[in-house]
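**Student:** Using the UniProt record's numbering, the first residue of the sequence shown is number 1, and each one after it goes up by one.
I'd like to ask some things about the structure below.
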Amino acid sequence: MTATDERPALVRANRPARIPLSFAQRRMWFLHRYGESGSAYNLTFLWRLEGAVDEQALGQALRDVMTRHETLRTIFPEEAGEPAQQVLDPAVLVTPLTVRSVAAAEVEAVVQELADIEFALQDDPPFRAALLTSGPRVNHLALFVHHIACDGWSFGLLARDLSTAYRARIAGTAPDWAPLPVQYVDYTIWQQALLGTDQQPSELTTKQLRYWTETLDGAPELISLPLDRPRPSVASYRGRTTELTIPPRLHDELAELAAERGCTLFMVLHAALAAVLSAYGAGQDTVLGTAFAGRTDRALEPLVGFFVDTLVLRTDLSGDPSFADLLERVRDADLAAFTHQDVPFERVVQAVKPERSSAYHPLFQVFFAFHDGEAANELRLPGVVSASLPEPVNTAKFDLSVDFFQQSSGDDAGVRIVLEYATDLFDTATVTQLGARLLRLLSAVSVDPDVPISRLSLLTSAERRMQLQQWNGPVTDEPSLDLPMLVRQIAEQRPAAVAVSGREDHLTYRELAGTAARIADELVAAGARPDTLVAVLSHRTPWYVAAVLGVLGAGCGFMPVDASTGISRAAQMLEDGRVGLLLAATDLVDRAESVAASAGLPVRVLSPGSGLADPATLAHRPSRDELAYAVFTSGSTGRPKGVLVPHRGLANHLRAIVELYKLGEHDVLVFNAPLTFDVSVWQALTLLAVGGRVHTVDDDLARDPVALADCCADQDVTILQVVPSLLRAMLEACEEAPRLAGSMTGLRLMLAHGEELPPDLISRWHRQVPGVPLANVYGPAECSDDVSIAMLDTDVTGPSSRASIGKPLINTFVYVLDERLALVPAGVTGELYVAGAGLARGYAGRPALTAERFIPNPFGSPGQRMYRTGDLVRWNSDGELEFLGRADGQVKIRGFRIELGEIEHHLRSAPGVDQATVIVREDRPGDRRLVAYFTANDQVPVSSLRTAAEESMPNYMVPAAFVQLEEMPLTGNGKLDVRALPAPNYSGGGQEPSSPEEHQLCALFGEVLGVERVAADASFFELGGHSLMATRLLNRIRTVMGAEASVRDLFDAPTVAGLASTLAGRRHSSRPKLRRRTRQGELL
């Protein structure tokens, strides 16, 4: 702290015409004037009084206290928006006391009602009192003071001076007390002399602000804690408290620990709280706020006023320190902070410049305070026995406040802990549990302070057992699943039943078994052998399903290659999978030859023959460890990752799905997933195990919400699976054309997968298609697709507003862990790890990446592995998982798993590009788009970058917009400032519309894309559109213009002018009719 000889003397000062506010008062005035704090900063001091109370003497005594302490009779008028202090003359004061008769049971409610009344600081003194009479000799006295005029220290001063004045008044005299050396106005003037102004800060202020800007550089702006509800955009300041106690023995042990380590009990409690919050998700860099008295001069000690100020305490928990080591860090940080306490908190905020929000407090959201003994707040009124009562609380200034009250004697010895929490965010149970974990940690470190923090488990043995056993998937037998044999058996029993159908053709079970057998024979003849991969290049057709079944029948694993996959990417997939045989659909043989020629290893292309073979040749019996299939996902290095799944994973997943969904021969499932998507595996194969029908649809129908809904009715579909963004488009289409909802009433299940399911879609689905269950499906390809599934009712999101992703499937084990692979408490965010029967072998040709993501399972038997998903989740109170986001640079767009690093890699490889970064923007709710930002030495045409991206990546990875910058914006510590990246401008100049149809289409393009102006020659996709947006546009065209267009039409003619030309003469035309079948597949 600055030496006293460097400070101006604190004495009575000459008062200017307009008296400024102190820095602390300015902050409080701003919150009151422009914030939504309401009564959150009203302080309540409450006593129960037993005995005769002289109401007149009490009223006079309260006026005496207001006369003595100017701050209690100060108002805050404004002039040109600038506040000033105006001290009222005692002669104009009226008694601040009101007297009411109140039933004893209603006292608390009446006190709360009075405490909730806001002060009009511009016009009225910030002080009032109420005497509540509830019996002949029973009263409650409540003093209400706005924080702008008072602080916690002042409580004891008010009690002392009120007692003195009351004794004098009942004796018929005025109180005879020594005059105060200074008043609050004097302090305000002194403070300005000490610290200077914003425009001309003092040397002391400049020095201390430099310390704070350096200390808080890069600190997290918002603490991450497990909230029970989403944070509202504006804090309501509603709150409650819950209490617990550090028992006397533990209190003594902690005090001894503090003395041994050369610190204070304050520091021990600070370190413990930081450690608990870190374990609760706050990370290794925690920032807390604390209070200090602010009475740096003895002349201020007897003065009622707002002197308390706030310090920011930043704690470094990195490197897994022991608690003793952490305590040393905390001691050094706390001492440094208190050494720089002169500069007011608001000045620190102005200097650090955090993002300001009405949703949370700047710089910190968790407050911590230590009170060294209860304040001397006893009222001593002659003939009256008084007892101080705790302040009734229904407000919260911060997300969470933790106050420790040291009590050194009597039955209440120990430390009382009061946790005040925002009810916007937390439930009582959550905060109570956090307090209990704090006590558990304090008990542990009092015994062994040298234990590393990572070993301080906050879980009880019962909680640990619940997570590892009760909440994990049921353990069952794992029988093998021989699909080719099952299909052969069904073909013998029901040969004419349709197994796979499409728009133009179908395969019965007899035809499917025979076709698969022929393909298997051809593969074996070509040298195919077990535990190797055969690539299948195809569209989504009945033949593809037969080809996959044939590959399995030959004893091989299949690797889908979608017909839309780029040549170079497909060749890379073949290389990584060490694929020697490429099986191609008849119309894709030429493309297959090009892929094979581009691969860096010999690849033989096989074209399908014709005719059926004896299904008995489908005789290979795979072992559970043999390879079943491989699917490729996005990779952060620019190279896709091939996930190798054995038969054990495939069998366990399909069996779990059959049992959970109760699938049977009467079910019809739409096969609409891209072939390279892991979901395509179960869509293509599961119903074949039970004799149901798989209905394949092409890409145009798969992404058209209207056509897909109609398909459900036309094909008697019972199971449909879509990504949430397509589900939204379907529900929007139902709102515009209610008949579509009726098309889906025949479903037994609607499955949502691939990305987070927003809660509004759940309620909308049940409202528009009542009676059809909605399931939320979660699982990565590395775990054989599905890991957990939640069956959702209309109100399943609960207060957290998050849809559960359910409980683990059979033989599946999940762990929610911190960065040290320790279990985190329920409700706390952690990374999801998965073990069990569904685990993949690893990545094709990527041993290092396999070792990085598939790691030893510390909770399993020796040799068992678990997969690090990179997904952030938490357990809810029902033992189900909730998905919260990603821990790395991976995102999901329209259900596709995308590594942003892979896109960035390709962009940086483009000629002329220097730097590149890709982010997901959601400039309109629900509209998530990839946007690429790049720097270059010269101007790089966006068209060339887009073309390069389209040639090297799948369509779903091509950014919606490319933005060239002169330089990447950086934060103060040199990191990319994502918030400073500008929103892309999707509109621009171009050709004006030339016909009424083009004007209509321009308006519809703009409506769907969120663009103000659309030129007639602008491409829908270059304006930020994607396939699901395209379906919304087509639906609007049907509704507004009465014209029919397909997704293919838009891809072929993506401009307004081009689409208008396509639509010419096609208004009110109908789409080609789907051919209706029964669930058994017979044509109608």
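C-beta: ideal position from N, C-alpha, C; glycine also.
1) Do D587 and P542 have their C-beta atoms closer together than 8 Å?
2) Could you check if N973 is buried or exposed, using at least 16 other CB atoms within 10 Å of its CB as the buried criterion?
3) Tell me which residue opens and which closes the alpha helix (DSSP H) that A585 is part of.
4) Which two residues bound the contiguous beta strand (DSSP E) that contains Y778?
5) For L10, name the three-state secondary structure that DSSP assigns.
6) Any idea what DSSP makes of S388, helix, strand or coil?
7) Give me the Cα-Cα distance between H147 and A80, rounded to the nearest whole angstrom.
8) Is it the case that the Cβ atoms of D151 and V308 are separated by a distance below 8 Å?
9) Applying the 10 Å Cβ sphere with the 16-neighbour rule, what's the burial state of S154?
10) Do the region 842-861 and the region 446-464 meet, that is, are 3 or more Cβ pairs less than 8 Å apart?
11) If we call anything under 8 Å between Cβ atoms a contact, is M750 one with V772?
12) Quick check on G294: buried or exposed, where buried means 16 or more other Cβ atoms within 10 Å of its Cβ?
13) Please classify G827: is it buried, with 16 or more other beta-carbons within 10 angstroms of its beta-carbon, or exposed?
14) DSSP three-state call for M866: helix, strand or coil?
15) Grab me the residues of A333's own chain with a C-beta within less than 7 Å of its C-beta, minus the 5 sequence neighbours each way, in chain order.
16) Tell me whether F426 sits in a helix, a strand or coil according to DSSP, three-state version.
17) Do V418 and F398 have their C-beta atoms within less than 8 Å of each other?
18) For the beta strand (DSSP E) containing V402, list its first residue and its last residue.
19) Would you tell me roughly how many angstroms separate the C-alpha atoms of S480 and S623, rounded to the nearest one?
20) Could you have a look at W471 and say whether DSSP puts it in helix, strand or coil?
21) Below 8 Å between beta carbons: does that hold for A351 and L209?
22) Quick one: measure Cβ to Cβ for L62 and H140, integer angstroms, because I've assumed they're closer than 8 Å.
23) Let me know the secondary structure DSSP gives H1026 once reduced to three states.
24) For V498, which residues from the same chain have a beta carbon less than 6 Å from its beta carbon, with the 5 sequence-adjacent residues on both sides left out?
25) Tell me which residue opens and which closes the alpha helix (DSSP H) that Q25 is part of.
26) May I ask you to list the residues that DSSP assigns as paired with E50?
27) Around the Cβ of I719, are there at least 16 other Cβ atoms within 10 angstroms (buried) or fewer (exposed)?
28) Does the beta-carbon distance from G305 to T44 come in below 8 Å?
29) Beta carbon of G746, beta carbon of V723: below 8 Å?
30) Taking its Cβ as the centre, do 16 or more other Cβ atoms sit within 10 Å of S610, making it buried, or is it exposed?
31) Whose C-beta lies closer than 7 Å to the C-beta of D678 among residues of the same chain, with five residues either side of it excluded?
32) Give the DSSP-derived three-state secondary structure of R621 in the structure shown.
33) Under a three-way DSSP split, which group does T315 fall into?
34) Pop quiz: L363 and F338 are said to be a contact at Cβ under 8 Å. What is the actual Cβ separation, rounded to whole angstroms?
35) Residues in the same chain with beta-carbon distance under 6 Å from F813, minus the five sequence neighbours each way, listed in chain order, please.
36) If you run the structure through DSSP and keep just helix, strand and coil, what is V603?
**Tutor:** Working from what's here:
1) Going by C-beta atoms, D587 is not nearer than 8 Å to P542.
2) Its pLDDT being 48, under 50, N973 is placed unreliably by the model, and nothing is read from it.
3) Where A585 is concerned, there is no enclosing alpha helix (DSSP H), because DSSP gives it neither an H nor an E.
4) Counting along the chain, the beta strand (DSSP E) containing Y778 begins and ends at 774-778.
5) Reduced to three states, the DSSP call for L10 is coil.
6) Three-state result, S388: strand.
7) Using only the alpha carbons, I get a separation of about 24 Å.
8) Yes.
9) Counting Cβ neighbours within 10 Å, S154 comes out buried, since at least 16 surround it.
10) They do not touch, by the three-pair rule.
11) In this structure, M750 lies near V772, with their beta-carbon atoms less than 8 Å apart.
12) By the neighbour-count rule (16 or more Cβ atoms within 10 Å), G294 is buried.
13) That one is buried.
14) Looking at M866 - three-state DSSP - the assignment turns out to be strand.
15) Taken in chain order, the residues that qualify are L313, R314, T315.
16) Secondary structure at F426: coil, using DSSP grouped into helix, strand and coil.
17) Contact: no.
18) Unbroken beta strand (DSSP E) run through V402: 400-407.
19) Computed Cα separation, rounded: 8 Å.
20) Coil.
21) Using a Cβ distance threshold of 8 Å, A351 and L209 count as a contacting pair.
22) The beta-carbon separation of L62 and H140, rounded to 15 Å, does not stay under the 8 Å limit for a contact.
23) Coil.
24) Beyond the five residues adjoining it in sequence on each side, V498 comes within less than 6 Å, by CB distance, of H506, T508, R693, G1081 in the same chain, given in chain order.
25) 23-34 is the extent of the alpha helix (DSSP H) around Q25.
26) E50 is bridged by DSSP to V138, V385.
27) Classification for I719: buried.
28) Between G305 and T44, the C-beta spacing is not below 8 Å.
29) No.
30) By the neighbour-count rule (16 or more Cβ atoms within 10 Å), S610 is not buried but exposed.
31) Excluding sequence neighbours, D678 sits near V631, A781, D785.
32) Looking at R621 - three-state DSSP - the assignment turns out to be coil, as it is neither helix nor strand.
33) It is a strand residue.
34) Between F338 and L363 the Cβ distance is about 17 Å, and since that is not below 8 Å, they are no contact.
35) Once the five neighbours on either side are set aside, the close Cβ partners of F813 are N472, A835, G836.
36) If DSSP states are grouped into helix, strand and coil, V603 belongs with coil.
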